[in-house]
Every structure is written in structure tokens, then in C-alpha cells.
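Below is one structure, written out as C-alpha cells, with a few remarks after it.
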Amino acid sequence: MIELPIGVRLRAIVIEQRDLPAYEYVNAIDDVDDGLPWYHDIWNFVERGEFPAGATRKDRVALQQLAAQYIICGGKLYRRSHFWNEMPLLVLLENMGIEFPTCFTCC
């Protein structure tokens, strides 16, 4: 047992057992609706390097890490994959006369 100094107040820990999964009790995710698509902040950061207004330092770091996984090419937002790492191969194949969609060769 823990000994506490006299006059220290502690809040009780409430443990509840529920019948539904925890994600069904979370309403905060659905409450955020600013009329913009989910990728709006990523797009702005990748295209212009701008952070959303009121972003904390933690939000900025998270957005930088998330945006590193995306690329804008041909006016569309794409998620990077192993395919983007093979750009020298695509350039070589393109020089041989094999054409690819512009979104794969412009970046």
C-alpha cells in the first residue's frame, strides 16, 4: 500500500466495462467537419510548405512526417510507393521509347 502525506487528495479511478468496442464511443472524429477534403492540409504543405492556422509544434511535426509520404504530380496527390524509388529505371525505359503516364515521369 502507498503512504500519502496528510491533506493530499486523489481522484478515484473509474473502471467501466462496456459492451461495444471503444471506437464506437468516440464522437470527436465525426465532429470535425470544415468542408475540406481529408488531404487538404497535406496538399497545402507539399505544394506550398504552409502549415494550417493554429497548428501546434506537435501538429507541424506530424504533418511533415505525413506529407513526406505524398507527392503532387500532374495536379494530383499521390502516395509515394516503391515505384517512385525506381525513377532512373523509368527514365531509361522512356528513352528506349516506352511511354508511361505523365504522373510517373514528371517527378
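Numbering follows full-length UniProt numbering, in which position 74 of the sequence shown is assigned residue number 74; successive positions increment by one, without gaps. Quick reminder that beta carbons are idealized off the backbone N, C-alpha and C, glycines included.
Q. In this structure, does DSSP put Leu66 in helix, strand or coil?
A. As a first step, residue 66 must be located in the sequence shown, where it is residue number 66. Helix at Leu66.
Q.
Closest to Ile71 by C-alpha separation, out of Gly54, Asp34, Val46, Ala22, would be which residue?
A. Counting from 1 along the sequence shown, the entry for residue 71 is found at position 71. Residue Val46 is the option with its Cα nearest to Ile71.
Q. Over what stretch of residues does the beta strand (DSSP E) that includes Arg79 continue unbroken?
A. Position 79 of the sequence shown holds residue 79. Its beta strand (DSSP E) spans residues 76-79.
Q: Could you tell me if Ala68 is buried or exposed, where buried requires 16 or more neighbouring beta carbons within 10 angstroms of its beta carbon?
A: Numbered from its first residue, the sequence shown carries residue 68 at position 68. Exposed, because fewer than 16 other Cβ atoms sit within 10 Å of the Cβ of Ala68.
**Q.** Collapsed DSSP secondary structure at Ile42 in the structure displayed
**A.** Reading the sequence shown from its first residue, position 42 is the one you call residue 42. It is helical.
Q: Quick one: using the 10 Å Cβ neighbour count with 16 as the cut-off for buried, is His41 buried or exposed?
A: To locate residue 41, count along the sequence shown from 1; it is residue 41. The sequence as given places Asp at residue 41; His does not occur at that position. It counts as buried.
Q) Whose C-beta lies closer than 8 Å to the C-beta of Leu77 among residues of the same chain, with five residues either side of it excluded? A) Counting from 1 along the sequence shown, the entry for residue 77 is found at position 77. Closer than 8 Å at the Cβ level, and outside the excluded window around Leu77, lie Tyr39, Ile42, Trp43, Val46, Tyr70, Ile71.
Q. Where Glu16 and Glu24 are concerned, what is the direct C-alpha to C-alpha distance, given to the nearest angstrom?
A. Translated into the one-based positions of the sequence shown, residue 16 becomes position 16. Translated into the one-based positions of the sequence shown, residue 24 becomes position 24. Rounded to the nearest angstrom, the two C-alpha atoms are 15 Å apart.
Q) With 16 other CB atoms within 10 Å as the buried threshold, where does Leu63 fall? A) Taking the first residue of the sequence shown as position 1, residue 63 is located at position 63. When all chains shown are included, Leu63 counts as buried.
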